[in-house]
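Student: Starting off with a structure, shown below.
In my numbering, the protein residues as written are -12 to 241.
Below, the structure is given as structure tokens:
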């Protein structure tokens, strides 16, 4: 018997990973769409054909309850970003969008049937009960120059056990939704290193121009759309997925 990742309730049927309003607004403009998730750098990407992606670890009570309420609240914010319309995101908008992005990352991670999941039950329950985001989580958004079919990728960052590091690991989720790109990074620190200042190394790129950080919140107001965009002729969405260096130096003390 499967149990819900958010409330431990019984799961009877699969629920849509993408909310229906996203499917209608994005898939309705696409002749073909796919979802791709690379679950750790040592594995080949897992590819799903079609847009009706189901997750078997979310119960109908959560899906039709707090998750549905969250979708209703965030739709007025994410809808314009997906459609490439001008909008200003205030402090509350950025916080709400961050909660939604993290929820989406947690749901898609559970499409991995091996249950080799990064986010813990405590992380998911805190999201629901306290509406809180795990420590050492950063969330960015970016603009895509053209409509993207729905795409999502999740990959783990590993620390070489042969080298001392304050990190025990990390997880990066990257999504493309219409004209919007979202990236979520959460890292874990080893016991005793909670107060150590750390950094995750990046591949070189104009990330500061292409991405806007929405969590932790650094700007009172975010004006959209930004001047720079991800594109096939420039820095692509695929390169965004791979911007964290997958080597032993990817996660070090600063």
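A virtual CB, placed ideally from N, CA and C, is assigned to each residue, including glycine.
Have a look at 66, 59, 11 and -11 and flag the residue whose alpha-carbon is nearest the alpha-carbon of residue 42.
Tutor: To locate residue 42, count along the chain shown from 1; it is residue 55. Here the closest residue by C-alpha is -11.
Student: Leaving out five residues on either side along the sequence, give the residues of the same chain with a beta carbon under 8 Å from the beta carbon of residue 193.
Tutor: For the purposes of this step, residue 193 is identified with residue 206 of the chain shown, where counting begins at 1. 215 and 222.
Student: Am I right that residue 211 and residue 68 are in contact with their C-beta atoms under 8 Å? What's the rounded C-beta distance?
Tutor: Numbered from its first residue, the chain shown carries residue 211 at position 224. Numbered from its first residue, the chain shown carries residue 68 at position 81. Confirmed, about 6 Å.
Student: Excluding the 5 residues flanking residue 218 on each side, which residues of the same chain have their C-beta closer than 8 Å to its C-beta?
Tutor: Residue numbering aside, residue 218 sits at position 231 when the chain shown is read from its first letter. Counting only Cβ-Cβ distances below 8 Å, and skipping sequence neighbours, we find 131, 132 and 133.
Student: In terms of residue numbering, what span does the alpha helix (DSSP H) encompassing residue 136 cover?
Tutor: Counting from 1 along the chain shown, the entry for residue 136 is found at position 149. Segment 124 to 144 is the beta strand (DSSP E) holding residue 136; no alpha helix (DSSP H) there.
Student: Which value, in whole angstroms, describes the spacing of the CA atoms of residue 124 and residue 145?
Tutor: Position 137 of the chain shown, counted from the first residue, corresponds to residue 124. Position 158 of the chain shown, counted from the first residue, corresponds to residue 145. For residue 124 and residue 145, the distance between alpha carbons rounds to 16 Å.
Student: Who are the near neighbours of residue -4 in its chain, counting only those whose CB is closer than 8 Å to its CB and skipping five residues on each side?
Tutor: Counted from its first residue, the chain shown places residue -4 at position 9. Closer than 8 Å at Cβ, skipping near neighbours: -10, 46, 48 and 49.
Student: Alpha carbon to alpha carbon, what distance is there between residue 209 and residue 71?
Tutor: As a first step, residue 71 must be located in the chain shown, where it is residue number 84. As a first step, residue 209 must be located in the chain shown, where it is residue number 222. Taking the straight line joining both Cα atoms gives about 14 Å.
Student: Between the alpha carbons of residue 136 and residue 6, how many angstroms are there, rounded?
Tutor: On the chain shown, position 149 is the one that residue 136 refers to. On the chain shown, position 19 is the one that residue 6 refers to. The alpha-carbon atoms of residue 136 and residue 6 are separated by roughly 15 Å.
Student: Quick one: measure Cβ to Cβ for residue 164 and residue 142, integer angstroms, because I've assumed they're closer than 8 Å.
Tutor: As a first step, residue 164 must be located in the chain shown, where it is residue number 177. As a first step, residue 142 must be located in the chain shown, where it is residue number 155. No, residue 164 and residue 142 are not in contact; Cβ-Cβ is about 18 Å, not under 8 Å.
Student: Could you name the residues that DSSP lists as bridge partners for residue 200?
Tutor: Numbered from its first residue, the chain shown carries residue 200 at position 213. 127.
Student: Can you give me the C-alpha to C-alpha distance between residue 119 and residue 3, rounded to a whole angstrom?
Tutor: Reading the chain shown from its first residue, position 132 is the one you call residue 119. Reading the chain shown from its first residue, position 16 is the one you call residue 3. If you take the alpha carbons of residue 119 and residue 3, they lie about 23 Å apart.
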